[in-house]
Amino acid sequence: MNFRLGKRVIDPGKYFDYNATTPICEAAREAWLLMADQHWENPSSLYREAGIARRLLEDFREELAEEIGIEDAERVVFTSGATEANNAVIQFWSHAPGKIAISAVEHPSVRAAAAGFFGPERMIEIGVDPITGIINLEEVERVVTMVEDLVGLSVMAANNETGTIQPWDVIAELCLEAGIPYHSDSAQWIGKEPGGGFADIDYFTGSAHKFGGPKGIGFLVLPENFDDCAFIGQLGGPQENGRRGGTEDLPGIAAMIAALKSQRNAPDVSDVRDLFEAALLESGEFKIVGKRGPRLANTSMIVLPHTKNLKWLTRLSDRGFGVSTGSACSAGAGNPSQVMMSMDLEFEEMSRVLRVSGGPGQGEAEWMALYDAIIGVKSELED
Ligand code: PMP
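Residue numbering for the sequence shown follows my numbering, beginning at 4 and increasing consecutively.
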């Protein structure tokens, strides 16, 4: 089968779109191949070899639980990724009468799910500080304590466009005190930032392809001792303790865990990202969105000095660089994303944003090569 549409493969040093997806890392690739070759049986089948697959599946559940810092592996449901996991929680919450609260900068897999399952009239949106991108904590406190029919709150851990890290630990505490279920879409946080700490969050989600694992595999963590029969993330089978139908993807699961483990040794790239930003800012012509708040170490959302972002992206692509005009999910949609609309930007500036998100293998040389390329495109466009 010839599935290659062309020979062009992006140079890993020039790939700066890690928040969209990451290349599969060596450890994940090896784990995937091993499981696909040796344990391809259906874990639900009854013969001996399938029993081994079943045991491996449960071992992997334990391993993932340990890796993300939760004690009870039964909390983990393997899913096809973060979109499915986010949708599952919000759909489940929507069965109860009442409202959902979300932040104004949620990923579409939360925002659209909330609008779809709850409807706009049952949705409360909590704004963020336009300079830092951080959610208004006073408003969070007010909503979780005062809104009587609140079913749950969903606030992401880190934003895919700006990289802004939300104070999810504080939010978890506020929700715990108020007795409100808390969901955090942690797809951009897990595997990028060191350490766990999510144990106190009732519901959270992760996605393997954001941290060097394959696409199409992720997980949802449910509250401890969760046995609500109304929760079925996907109808059609008894897998995952009856919580999600569908044959489990053992190679994908093994690869996800291998990827997560290998991220432990990833170098911190925030220094080089900061050097890159300082060089851009020195010219006085570029701006960085959300720079004053805590951000993922790999992400930089740049406001370009002139000309629509797509032109810059195309010219950078001609030079071999992969960057983004926003999140992959809204790239090409034509309108500014909800995230950009929440930040301190003029409407016109929103068509000039460029998101750069690097990976663990990119150091000063790679980031500064991108800087040089941006400056090169700038003078080209000014000619
Ligand atoms: N949430 C966030 C914050 C994301 O960045 C993404 C991926 N763009 C998703 C959810 C969806 O993840 P997946 O591709 O695994 O469905």
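From the three backbone atoms N, C-alpha and C, an ideal C-beta is built for every residue, glycine too.
Contact test: residue i Cβ vs ligand 1 heavy atom, cutoff 6 Å
i	result
threonine 328	no
alanine 85	yes
aspartate 188	yes
serine 210	yes
glutamine 94	no
glycine 221	yes
asparagine 163	yes
glutamine 242	no
glutamine 191	yes
C-beta atoms of residue i and residue j nearer than 7 Å
i	j	result
asparagine 45	alanine 53	yes
glycine 166	arginine 298	yes
arginine 358	serine 327	yes
alanine 262	phenylalanine 214	yes
phenylalanine 121	phenylalanine 222	no
isoleucine 103	glycine 155	yes
alanine 269	alanine 31	no
aspartate 75	glutamate 227	yes
isoleucine 235	serine 157	no
glycine 296	isoleucine 129	no
isoleucine 2	leucine 140	The chain is shown only over 4 to 386; residue 2 falls outside these bounds and no answer can be derived.
glutamate 144	leucine 179	no
phenylalanine 229	tyrosine 374	no
glutamate 164	valine 342	yes
Span separating the alpha-carbon of residue i from that of residue j
i	j	result
glutamine 94	glutamate 383	49 Å
serine 48	isoleucine 220	21 Å
leucine 307	glycine 361	18 Å
aspartate 132	glycine 329	19 Å
lysine 294	glycine 101	36 Å
alanine 115	alanine 91	12 Å
arginine 322	aspartate 20	15 Å
valine 173	valine 380	42 Å
phenylalanine 201	proline 170	12 Å
alanine 107	glutamine 41	45 Å
threonine 86	tryptophan 96	16 Å
glycine 248	proline 241	6 Å
leucine 238	glutamate 109	26 Å
valine 146	arginine 78	27 Å
proline 254	phenylalanine 63	11 Å
methionine 353	aspartate 231	43 Å
threonine 302	glycine 16	15 Å
alanine 211	serine 189	11 Å
glycine 364	isoleucine 291	23 Å
leucine 348	phenylalanine 324	26 Å
tyrosine 50	glycine 216	29 Å
leucine 36	glutamate 251	16 Å
glycine 366	alanine 372	10 Å
methionine 1	proline 339	Because the chain here runs from 4 to 386, residue 1 falls outside it and cannot be looked at.
Status (buried if at least 16 other CB within 10 Å, exposed otherwise) for residue i
i	result
tyrosine 18	buried
alanine 56	buried
alanine 233	exposed
tryptophan 43	exposed
phenylalanine 289	buried
asparagine 312	buried
valine 12	exposed
aspartate 271	exposed
aspartate 14	exposed
proline 184	buried
glycine 194	buried
aspartate 386	exposed
alanine 368	exposed
glutamate 61	exposed
glutamate 33	exposed
glycine 119	exposed
glycine 84	buried
Residue i at chain B interface by Cβ criterion, 7 Å
i	result
alanine 190	Reference to chain B is not applicable here, since this structure consists of a single protein chain.
Near ligand 2: residue i beta-carbon under 6 Å from a heavy atom
i	result
histidine 110	As far as ligands go, the structure on display features ligand 1 and does not contain ligand 2.
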